[in-house]
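> Each residue of the sequence shown is one higher than the one before, starting from 1 at the first, in UniProt numbering. A single structure is presented below for examination.
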Amino acid sequence: MEQAIDELGFCAQKVILARYPQDIDVNLTHLLRKTTDSPILIFPNRLDESYNPLFALEVFSEFLKKYPNSILKMNEMGELKNECLTFIDRNNLSNNVVFLEGISSWDDLPKIYAEAHVALFTATDSNGPNSLIECMASGTGVVLSNLIFNTDKYCKHEINCFKHDLHVNDFVSALIKYVEEEGLIEQHGSISKNLVRERSVSNTAKFYAEIIREHTKHHINID
């Protein structure tokens with residue numbers, strides 16, 4: 001917003017901070033997850049340095065020692081793919097790490113989210129990935145880095161997620177809580193769904209209609 005005003009020269013009265021529209025309606029219909037000692041974790045971001053996939057693998061490697069039937073599903077694209085493969089091979093994780101291959105469209109993603117119990121977001125520098133909102137709409141547990149910006153509105157530490165500095169032990173401990181505290185994933189998932197529901201297609205349409213009506217003074221039916 002400041003950039004539009006200060007750098008691009010737009011009139012401040014005509015610049016509006018509006019949320020990014022996302023198609024999360026299918027995710028919002030997903031059932032809440034039950035507690036399990038064989039959870040499916042998901043790392044939905046690209047295997048790029050800023051998203052820190054090697055840290056996610058290190059966390060999973062430690063978590064796996066306690067819960068050996070766990071699975072980590074990872075995005076297959078990114079500059080660190082080879083480094084991730086090396087880590088997986090060196091730490092004997094090949095039976096427990098699955099790359100999300102064959103995703104041809106956005107329509108393939110909801111099913112993947114629906115199968116996951118907990119999502120990992122380990123970025124060192126991010127403005128808040130869209131995939132975070134998608135996971136929350138689906139109802140997964142969430143463990144995320146404190147270095148991810150613009151998450152305070154929807155991510156409430158120990159209320160619907162766990163937010164930590166990038167320390168392996170902290171992330172592992174959060175994952176263990178989701179396994180050992182009966183109903184915690186379901187509780188966090190329910191709160192997350194309610195928080196992000198405002199970003200559904202219909203609610204986002206109403207949000208934009210209100211903005212347009214306010215700034216044009218024309219009557220728009222948003223019922």
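Backbone N, C-alpha and C define an ideal beta-carbon position, used for all residues, glycine too.
#1: Taking the straight line between their C-alpha atoms, what separation do you get for proline 110 and serine 138?
#2: Whole angstroms is fine: what's the gap from phenylalanine 149's alpha carbon to asparagine 169's?
#3: How many angstroms separate the CA atom of aspartate 165 from the CA atom of histidine 157?
#4: Which residue marks the beginning of the beta strand (DSSP E) containing methionine 74, and which one marks its end?
#5: Which residues bound the beta strand (DSSP E) around histidine 164?
#6: Considering valine 196, what are the terminal residues of the beta strand (DSSP E) in which it resides?
#7: In the structure shown, what three-state DSSP assignment does isoleucine 42 receive?
#8: Beta carbon of alanine 116, beta carbon of isoleucine 40: below 8 Å?
#9: Are the Cβ atoms of residue 228 and aspartate 37 separated by less than 8 Å?
#10: For the beta strand (DSSP E) that contains serine 61, what are its first and last residues?
#11: Have a look at Arg197, Glu62, Leu54 and flag the residue whose alpha-carbon is nearest the alpha-carbon of methionine 74.
#12: Under a three-way DSSP split, which group does alanine 137 fall into?
#13: My guess is that proline 129 and asparagine 52 are in contact by the Cβ rule of under 8 Å, so how many angstroms apart are they, rounded?
#14: If you reduce the DSSP assignment to three classes, tell me which class histidine 157 lands in.
#15: Measure the alpha-carbon distance for glutamate 47 versus lysine 163 and round it to whole angstroms.
#16: So valine 143 packs on alanine 174, CB below 8 Å; how close in whole Å?
#17: Who are the Cβ neighbours of isoleucine 133 in its own chain at under 8 Å, not counting the five residues just before and after it?
#18: Run through DSSP, which three-state label would isoleucine 112 get?
#19: Can you say whether glycine 189 is buried or exposed, counting buried as having 16 or more other CB atoms within 10 angstroms of its CB?
In short, the structure shows the following:
#1: Whole-angstrom Cα-Cα distance: 8 Å.
#2: Whole-angstrom Cα-Cα distance: 22 Å.
#3: One C-alpha to the other measures close to 12 Å.
#4: Methionine 74 -> beta strand (DSSP E) spans 71-75.
#5: Start and end: 162-164.
#6: Here valine 196 belongs to no beta strand (DSSP E); instead the alpha helix (DSSP H) covers 184-196.
#7: Strand at isoleucine 42.
#8: The Cβ atoms of alanine 116 and isoleucine 40 lie closer than 8 Å to each other.
#9: Not covered by the structure: residue 228. The range shown for the chain is 1 to 223.
#10: No beta strand (DSSP E) holds serine 61; the alpha helix (DSSP H) holding it covers 53-66.
#11: Restricting attention to Arg197, Glu62, Leu54, the CA atom closest to the CA of methionine 74 is found in Leu54.
#12: If DSSP states are grouped into helix, strand and coil, alanine 137 belongs with the helices.
#13: Cβ-Cβ separation between proline 129 and asparagine 52: approximately 12 Å, too far for a contact (criterion under 8 Å).
#14: The answer is strand: DSSP assigns histidine 157 an E or B state.
#15: Note that residue 47 is leucine in the sequence shown, not glutamate. The alpha-carbon of leucine 47 is positioned some 21 Å away from that of lysine 163.
#16: Beta-carbon to beta-carbon, valine 143 and alanine 174 are separated by about 4 Å, close enough to satisfy the 8 Å threshold.
#17: If the five residues before and after isoleucine 133 are omitted, its C-beta is found closer than 8 Å to the C-beta atoms of Gln22, Ile24, Tyr154, Val196, Arg199, all from its own chain and listed in chain order.
#18: Residue state for isoleucine 112 is assigned as helix, using DSSP reduced to three classes.
#19: Here glycine 189 is buried, its C-beta having at least 16 other C-beta atoms within 10 Å.
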